[in-house]
Structures are given as structure tokens and as C-alpha cells.
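2 protein chains.
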Amino acid sequence: MKPISLKLLARELNLSVSTVSRALNDRDDIAQETKDRARKLATKLKYEPNPYASSLRSNKSKTIGIVIPEIDNHFFSLAINGIEEIARANDYHVLISLTHEEYQQEKSIIQLLAGGRVDGLLLSMASTSQNSDHLAVLEERKVPVVFFDRVCEDLATARVTTDDYESGYRATTHLLEAGCRKIAHLAISGALSISRRRLQGYADALRDAAIAYDQALVLTLDQDDAQATDRIRQLLAERRDIDGVFAAVEALAMHTYAACRQLELTIPEDVKVIGFSNLETAPLLKPALTTITQPAYQIGKQAAQLLFKAINDNVLLTMNHSLELKSELHIRMSTYSGE
Amino acid sequence: MKPISLKLLARELNLSVSTVSRALNDRDDIAQETKDRARKLATKLKYEPNPYASSLRSNKSKTIGIVIPEIDNHFFSLAINGIEEIARANDYHVLISLTHEEYQQEKSIIQLLAGGRVDGLLLSMASTSQNSDHLAVLEERKVPVVFFDRVCEDLATARVTTDDYESGYRATTHLLEAGCRKIAHLAISGALSISRRRLQGYADALRDAAIAYDQALVLTLDQDDAQATDRIRQLLAERRDIDGVFAAVEALAMHTYAACRQLELTIPEDVKVIGFSNLETAPLLKPALTTITQPAYQIGKQAAQLLFKAINDNVLLTMNHSLELKSELHIRMSTYSGE
DNA sequence: TTGTACGCGTTATCAG
DNA sequence: CTGATAACGCGTACAA
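In order, the protein sequences belong to chains A and B. Mapping to our numbering: the first sequence position 216 is 216, numbers consecutive. Our numbering runs 1000 ahead of the 1-based position in the second sequence.
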């Protein structure tokens, strides 16, 4: 069956295409009776305006894009949840693209989306994106962009982040207060803004506690999962003096658990562990994981709301629109120090 | 800055619009030199064809839709991962919509997408969708559809599912072999195909073990999370004879853990627990959770591949294209019965 | 209050 | 080999 077009409705109603168009768009220069007739038939035939014809005319795609490194990660799925809610409230669709942490993918995706396919973009950078040349096209084409979590500092647009520096500081301090003296720091990609902030918080907390910063305890793991566990195990095996681990991303906390299990190290007795994480199973782990939890859903919502300010109200987004939300420290068994 | 159009390129190159179009599309009736000139300028100006104009012409959106109940769920995020991979390989975009398990949402989303916005649809039904009237429009408009996991039996199209009946049977048998005699079955929405199949497997396993089916042990929890834990706790408190729990969806296993904790019931000594789950933290839980794990990533991939068979090769999808993949039983501590 | 005419950017067809 | 023209479906001046 052919798609229902305005032309078809018009013929059926003995009206012109433009009259039907205006009737369905509830314009005030159309008789009420005509509107009713048109609407009734449209509903009956399940007419949906061809979105591409509308877009072509209006230069609006009614679609926003989300570009993220991965989706198999609670932080991002929660954020998407928030974004999708706001998008739907604004009558918008959501296009999702995954970069799999690869610069090249990110580049080609953005080039593609910048061609007018989306009215705005929510972006969280890949860990391997060292520069921002590939984002220039977004500025040129004036595509509104909001970064969330993994921001790009080169682009002067709105960002929604969390208090990464403070969280890193707090996490480290918590380990120190639990008695740790040799704290390992695990991160992905030193280039990422969040990584640098969290690491800086870690370093400063050590300094304020008069503990030497030991480069050998700072691991950057940008390789795949299997290797991550291995390298953590290796570190823990070589440096038996490590008594605390600060995992700056969710997956690394889990790899630490796995590595400890392999080495038969007990958490929290032998090693205490804290991790950035949105896992809802954190309290049910063995032992329950102490976490820094980001308000992922809120991040998504707020980022989307900013984006729609740009899209609907034509506001030019600047760094002044940026928001910093607070993460929460949830203290659990994995950092317990006895009474 | 204005978007770059063919018209613009044509003017710059002193060629006609249609020549440039064909040059960029590498048609064989265009001189090599012309092609080179056109391509060079296009690259220089970062020309991207307007996707909506192309779609309008070709009736192809280069976009597929995913409609799922929720995204904050490992099964679905893994499936999306698989889908996205295939979509990208086919040069397609992915539109995501969440129904939040609500029939009305599902209905309006599908009505919207059926209007030509997508070339095909991957669908996993909401738990509250009792009928399939809202899917009729997809058949009328001839939008290719592949169901995955939560299928709709009324629509004669391809489905990618897992061996739900066998898995339900196997999970229950596993509990029986571990010594359980009073096994609770937790599910969402009795209407869902997967729920019915898993429950049937449970019932048949009991029958084959000559154990009476007790309606009071079968809980259907379609309300929100907070209430789910409460109701499970209530059941476990009232029926202290329950010695096994079979959670037919991931979240319910976690609620069972929470309920047991509140009642100070020990797993697996007091109650053994098995659950359908794609949680990668299952082995790290306290105790490690025995799971039936669905090949979510593969489900997504295969479903998408079927869809592209319809889209690219113009194959009419029928139930004969359906696939049933196998889930895996991972035995862990939560069903341990001593040596 | 309704109809006519045009253009959005692209591509297929046909003419040259 | 290249150019002109028409058409996809919709929305909007402008005319009636």
C-alpha cells in the first residue's frame, strides 16, 4: 500500500493540497468544519506527514543525535534515558551512534551528522580523540552541541559535567582515612578531561596528606578488557605494598575485583577499593563496592534541556551555560577499615 | 554559514547541478577529469548531501528504528550494541525510542515511525501491550519488522528469540537438583510471550519432578521497582517454606537479593536463587548469581541482519526467517547445595 | 476562506 | 559526455 500523502487526502476531500496542509496544521485561516473533515480523514487513514519533505522545507529534522563511546555501560544508558525523556517531551527523535572509543569513528560520524541530519548533538568524547579538528565542522555548520561528561575543552559550547576533581580528591581522601598509604590509580586515556581532573584530585589529596606521588602506581589502561585485568593483576602482584585502589571508571573497579580474586587478595583487608560507578548492583557485590556515583540520568536530562534551549529558543550555547553536578560518595564494605 | 548544496558546487565549477550530482555519485557517464574536479571541491568545502532531499527522492531514509521498553538494562544495551554494528556496516543510522513498558507510548511511537521515517524496525514489545492493533499500520505501510526477544505472535514476520521454554525448564530443574522443593517463580506481565514460555518451562519441570504447581508461588510483578522488592519480601516472609526462587527477568533477581537481605535469609542456604540475567557482575555478587544468560549481542546482530535482508535484498520477512538462539546456564554460588 | 504557484536539494530521464 | 527538466511531499506567499 502506498503511503498516504496530502495529495491523496486532498483528492478525497475535494480540497486543494495546501488547504489540507493548513487544516491539519490548525491554521486560523481555515474553516472549523474543513479542519474537522480533514482531521477525521487523516486519522482514519492514519496519515503521517512525510518527515523528509517537512524537513526539507523547514530545515528542521526534529532529530537530535547522541554520540557516545559505548552503550554497554550504566552511565551512558542512564544518560540516554534522561536524554530520551526530554527529547520526547520536545517531540524530537533520537539518533544514536557509538564511537567504540575510536577517533576515526567519531570523526566520520560527526562529519555525517553535521550534514543537516540532526538539529543538535549531545556528545561524549572517545578516549582516543586527542584533538578536536573533527569537531570544527559542527561550528561551521552551526550545529548546536552540548558535551556531557567527557567534554572537549577546545570547543566553546555548553558542557554538563560532574565535580570530577573534587570526587577524585574525596575518593582518595576516603581511602587515606581508611588507612591506605599506597594507593593505585586506574584510569583510561590520560587525554580525557575527566581522567585528568580525577587524577589531579587524587594527586592533590596525596600531597595534602604528605604522601609521595608514585608514578608507578598510576595505570592508564586504554586497551581492551581482557588485558586490563591482566595489567592490574600484574601491578598488584609486583607491588604487594599497594593497600588501596582508586578506579576512575566503572569497568576498572570490576577488573580490580577480578584481579584480586585471581591473586587471592581479600577486599577490604588486603586492598581497599573505590570506584566511579553507576552499577546498581554495587551494594550486592562481594564485598559491596564503595562508589563515587554520578547523577547520570540528571546529566542526560540537563544536557538535553540545554540543547533544546538552543534548538527551540535559538539561544547560542556558550561555556557560560555549562553545568556541574555533584557526584555522591557511597561508602560500603570494600573500603571498610574495621571499627 | 550556509550548508553546501549541489547548486553551490555547480556554480563554482561552472557545471550543471545534475552533472555534479552524477560526478559525485561516480556515474560512468561522466569524464574522469570532471569527477576529480567535483570531488576535490566537495571535499574541500566538506560537502554533505542533504539527507532529507535524498530521502524524499529515493524513499529511503537510511535509518532503522529500535523500539524497546527500556535501555537501562544490560540485555537491551548489549542488543543495541549488536544492532548498531550491523547498521553501521550497512551505512545506516539508528533511531532509538523507549516505550517504558507502556502500551500508549509504544502505539504513538510506532504510528510516528511508520510514516516513512525509518526503512525498517526492530521491536521488542512493552509488557503492557495486550494486543497488536497498533502494529497493523506497519503491515499496511509495508515497513519491514523484526521482533527480538519480546515478540508479538500476531504479526507474521521474522523473530529472533532464545529458547525460553527450555531455559525455564532447565533453570527449574537445576533448582530441583539442588534440592529445592518449593520454588517461587517471579515474572513481569503474564501477557508477554517470553513470560509465558519461561513459566511453562517451570511448570513442566515441576510436573516432571512430580511436584505440585502452587499458584501462590507464582508472582507477576508489573509495578515499579520499589514495590517489587516489597512484594517479594512479603512472599518470602509469608511462605517460609520457599527454598528456591526463579527470577524470569534480571531486575527481579536483584530484588530477590535485596528482599533476602532484609529478611536476613541467607543465599543459598535458606533460599537458592537463579535468574535470567546479562549482568556482567553476576560472578562478583554476594553470593555469585547463577544465571541463565541470553546471547544479547548476538540477538541484536542477527535481528539486524535479518532486517537488512529485507531492506537491501527486498526479501519479504516471514516467520520462516525466525531464529532461536540458545541461552547459557552459568552455575554459581547462589544455587550451591553443599558437596 | 480556499486555491495557485513555487521552492526546499536531490536524482532520474531524456535531449543534445 | 553534459545540460535542462521534472518530480519526490510539504508549507507558504500571494492571488482570488
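Note that beta-carbon positions come from the ideal geometry of N, C-alpha and C, so glycine has one too. All of these numbers come straight from a predicted model, not from anything done at the bench.
Check                                                                                                                                : Outcome
Rounded separation between A/Asn90 and A/Ile64 - CA only                                                                             : 11 Å
Limits of the alpha helix (DSSP H) - the one that A/Arg170 falls within                                                              : Asp164 to Glu177
Classification of A/Gln104 by the beta-carbon crowding that lies within 10 angstroms, buried from 16 upward                          : exposed
Alpha-carbon to alpha-carbon, A/Ile311 and B/Leu1112                                                                                 : 21 Å
Beta-bridge partners of B/Ile1096, as assigned by DSSP                                                                               : B/Ile1066
Sequence ranges, alpha helix (DSSP H) only - wholly within the segment 1224 to 1258 of chain B, length at least 4                    : 1225 to 1238
Rounded distance between the beta-carbons of A/Ser189 and A/Thr162, thought under 8 Å                                                : So it is not a contact: roughly 17 Å between Cβ atoms.
Residues that B/Asp1072 contacts on chain A, provided the C-beta gap is smaller than 8 Å                                             : His74, Ser77, Leu78 and Asn81
Beta-carbon contacts of A/Leu155 that lie in its chain and below 8 Å, excluding the five residues immediately before and after       : Ser132, Leu135, Leu138, Glu139, Val145 and Phe147
Identity of the residue in B/Ser1195, B/His1093 and B/Lys1007 nearest B/Glu1250 by Cα                                                : B/Ser1195
Residues that DSSP places opposite B/Leu1219 in a beta bridge                                                                        : B/Leu1186
Under 7 Å between C-beta atoms of A/Ala126 and A/Thr99                                                                               : yes
Inter-stretch contact at 8 Å, needing at least 3 Cβ pairs: the segment 1293 to 1309 of chain B / the segment 1160 to 1176 of chain B : yes
Residue span of the beta strand (DSSP E) that contains A/Lys60, given as start and end                                               : A/Lys60 -> no beta strand (DSSP E), and no H or E assigned at all.
A/Asn320: contacting residues in chain B (beta-carbon distance under 8 Å)                                                            : Neighbours of A/Asn320 on chain B: none; closest Cβ ~23 Å, over 8 Å.
With 16 other Cβ atoms within 10 Å as the buried cut-off, status of B/Lys1035                                                        : buried
Reference A/Gln215; option with closest CA among A/Arg239, A/His174 and A/Lys272                                                     : A/Arg239
Burial state of A/Gly244, where buried means 16 or more other Cβ atoms lie within 10 Å                                               : buried
DSSP state of A/Thr161 mapped onto helix, strand, coil                                                                               : strand
Inter-residue spacing [alpha-carbon to alpha-carbon] between B/Ser1334 and B/Ala1203                                                 : 21 Å
Those residues which DSSP pairs with A/Glu139 across a bridge                                                                        : The partner list for A/Glu139 (beta bridge, DSSP) is empty, contrary to what the question assumes.
Contact under 7 Å by Cβ, B/Ser1016 with B/Ala1023                                                                                    : no
Min CB distance B/Ser1055 to chain A below 7 Å                                                                                       : yes
Alpha carbon of A/Ala258 to alpha carbon of B/Leu1041, nearest angstrom                                                              : 53 Å
Cutoff 7 Å: A/Lys46 Cβ touching any chain B Cβ                                                                                       : yes
Closer than 7 Å to chain B by CB, A/Arg145                                                                                           : Before going on, a small fix: residue 145 of chain A reads as Val here, not Arg. Not an interface residue.
Neighbour flag for B/Val1137 against chain A, beta carbons, 7 Å                                                                      : yes
Residues of the segment 274 to 305 of chain A with Cβ closer than 8 Å to any Cβ of chain B, in chain order                           : Leu279, Glu280, Thr281, Leu284, Leu285, Lys286, Pro287 and Ala288
Beta strand (DSSP E) segment containing A/Lys2, residue limits                                                                       : Looking at the DSSP string, A/Lys2 is not in any beta strand (DSSP E), and its letter there is neither H nor E.
Minimum Cβ-Cβ distance from B/Ile1096 to chain A less than 7 Å                                                                       : yes
Per-residue burial, A/Leu117 [other beta carbons within 10 Å of its own, 16 or more giving buried]                                   : According to the sequence shown, residue 117 of chain A is Arg rather than Leu. So A/Arg117 counts as buried.
C-alpha distance - B/Asn1050 paired with A/Lys60, whole-angstrom precision                                                           : 12 Å
Rounded Cβ spacing between A/Ile292 and A/Leu329 (contact assumed at less than 8 Å)                                                  : 6 Å
Simplified DSSP assignment, three categories, for B/Thr1290                                                                          : strand
Whole-angstrom C-beta distance between A/Leu95 and B/Val1094, which should lie under 8 Å                                             : 7 Å
Members of the segment 1247 to 1276 of chain B near chain A, C-beta cut-off 7 Å                                                      : Met1254 and Tyr1257
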